[in-house]
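Below is one structure; the comments refer to it alone.
There are 2 protein chains.
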Amino acid sequence: MEDRELPRREREKRAQRQEMLSAALDLFSEKGYHNVSMQEVAQKAEFAVGTLYKFFRSKEDLYKALLMEMAGTFDDALRIAIEEPGPEIGKLRNYVKVKGELFRSNASMIRLYFSETQGASFNMNAGLDSEVRERHGRFLKKLAAVFESGMKRKQFRRIADPYSLAVALASITN
Amino acid sequence: MEDRELPRREREKRAQRQEMLSAALDLFSEKGYHNVSMQEVAQKAEFAVGTLYKFFRSKEDLYKALLMEMAGTFDDALRIAIEEPGPEIGKLRNYVKVKGELFRSNASMIRLYFSETQGASFNMNAGLDSEVRERHGRFLKKLAAVFESGMKRKQFRRIADPYSLAVALASITN
DNA sequence: CCATAAGATGAAGCAATATTCACTTAGTGG
DNA sequence: CCACTAAGTGAATATTGCTTCATCTTATGG
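Listed in order, the protein sequences are those of chains B and L.
Here the first sequence is numbered in the numbering used here, starting from 1 and rising by one per residue.
Here the second sequence is numbered in the numbering used here, starting from 1 and rising by one per residue.
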C-alpha cells in the first residue's frame, strides 16, 4: 500500500478511516455485525456518528469495507509468503505456515468473514465479491504457478493440473 | 420420541409446533438469525405472527427451541450409531460415518449452531446450555463406555482413559 | 341452533438503532 | 483579524421488526 507524497489532509483522512475500520473490526469480531450499533463504532473510534457517515455510506458499507480490507491484508501476506525466493516446496510450506498464523490470530473475524462469504448467513447484497473474487483469482494463479514451476523442475509429480492443486490446497487450509 | 395416545388437540399442537420449527430452520439456516423476521417465519409456516407467539415466548425462544431440537436429533442419531450391536471398532466407525453424514446434510445450520455455541457471535443470554450440555455429557459417557469395553476385550490399547478418548474423538470429528 | 370457550389473526404499539442535516468548530487565504 | 470553506457534531427523524392484544373464527356440548 503506497501513501507517500499525499497532501497532508489526505493522509489524515486515511488515518481517520483506519481508526474507524479498526474500531469496527474490534467490535464486529467481538460481538458480531448485528450486535454492534453505529453509535458504538463511532464512540470507540472517537468520532461522532455523523463523521462515520462521511466516510461510509451505511453500516453495510462499513462492513464491506472492512471485509475488503481484511481480504487485502490476507492476500498480501500470503502473496508475500509464496514469493519468498527459494524452492517451491519451501514456498508451499511458507504459505501454510503464514495462513495458520493469520487464522489463529484473527479467529473471530475469520468466523465473521466466512459466515458472510461461504454459504448461509446474510445476503449482503452480493457486490462485495467482484473485487475480492478477482483478487483471490489472481492469487490462485500465482499459487498455481508455484506448482507449475515445481513440476517443471521435477520437484513435484504431476498428479493433477497446477490450478486444481492450487484450489485444493487453498480449500484444505481453509 | 413417544406421542402415541395423546388427546387429538395435543397432537395437532405438536404438529403445528413442528411446522413452525421447520419453517424457522429453513429460514435461519438460509439467511441467519438476524436476517429473518418473525413475520417471515410466520408466513412460511402459514400461521399469523400472533400464533407463533402462542408457541414461543420470543424470537430468541424460538431460536433456542430450534437448537435444542437439533441437538436432540443429532444426539439421538449418534447414540443409535454407537448402540448398534457389534464390535467396538465398528461402533466407532459408525459414529464417525453418521456424524459425517449429519454434518454434510445440515452444513448451514451447523454453522449457525457453532457460531452460537463456540466463541464470538451473539450472546444469547446463555441458559440454552444446561439441558444441551447435560445431554452431551451423557452421550460422552456412553462413548467412553465403548472405549472402556473395547479395552476390556483387549481390542484397543489403553493409551489414555476412556473418557478422555471420547472427548478427543468428539472434538476431532467436529 | 345458540352460548361459551379456545384458538387464530394481524394491525398497532413500541423499542432499538440506522441515517440525516442544521448547526458548531476548526482551518485557510487574503 | 475576518470571511469563507471544509470538517465534525449529535439531536431529531425514519425505519425496522419484535411483541401485544382487541377482535374475529372455529370448535364444543347442551
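The C-beta atom is built at its ideal place from N, Cα and C for all residues, glycine as well.
None of these values were measured; they are calculated from a predicted model.
**Asked** Just curious, the alpha helix (DSSP H) that LYS202 (chain B) is in, first and last residue?
**Response** With chain B running from 1 to 174 in the structure shown, residue 202 (chain B) is simply not present.
**Item:** Completely contained beta strand (DSSP E) runs for the region 59-144 of chain B, where each covers 3 or more residues
**Value:** none
**Item:** Classification of ILE172 (chain B) by the beta-carbon crowding that lies within 10 angstroms, buried from 16 upward
**Value:** exposed
**Asked** Where does ASN174 (chain L) fall in DSSP's three states?
**Response** coil
**Message:** If you follow the alpha helix (DSSP H) that ARG17 (chain B) is in, where does it begin and where does it stop?
**Reply:** 8-31
**Request:** State whether the region 159-167 of chain L contacts the region 90-98 of chain L, with contact taken as three or more CB pairs (one from each stretch) at a distance under 8 Å.
**Result:** no
**Prompt:** Closest to LEU169 (chain L) by CA distance: which of L:ALA77, L:LEU140, L:ARG104 is it?
**Reply:** L:LEU140
**Message:** Does the structure place the region 77-88 of chain B close enough to the region 134-152 of chain B that three or more beta carbon pairs sit under 8 Å?
**Reply:** yes
**Prompt:** Can you tell which of B:ALA23, B:ALA107, B:PRO87, B:HIS136 has its C-alpha closest to the C-alpha of ARG153 (chain B)?
**Reply:** B:PRO87
**Asked** With contact counted as at least three CB pairs below 8 Å, one residue from each stretch, are the region 42-54 of chain L and the region 69-76 of chain L in contact?
**Response** no
**Request:** Taking 8 Å as the cut-off, decide whether the C-beta atoms of MET70 (chain B) and TYR113 (chain B) are in contact.
**Result:** yes
**Request:** Quick one: give me the first and last residue of the alpha helix (DSSP H) that LYS44 (chain L) is part of.
**Result:** 38-45
**Message:** Report the CB separation of ALA24 (chain B) from LEU62 (chain B) in whole angstroms; it is logged as a contact under 8 Å.
**Reply:** 6 Å
**Request:** Drop a sphere of 10 angstroms on the beta-carbon of GLY137 (chain B), count the other beta-carbons inside from all chains shown, and report buried for 16 or more, exposed for fewer.
**Result:** exposed
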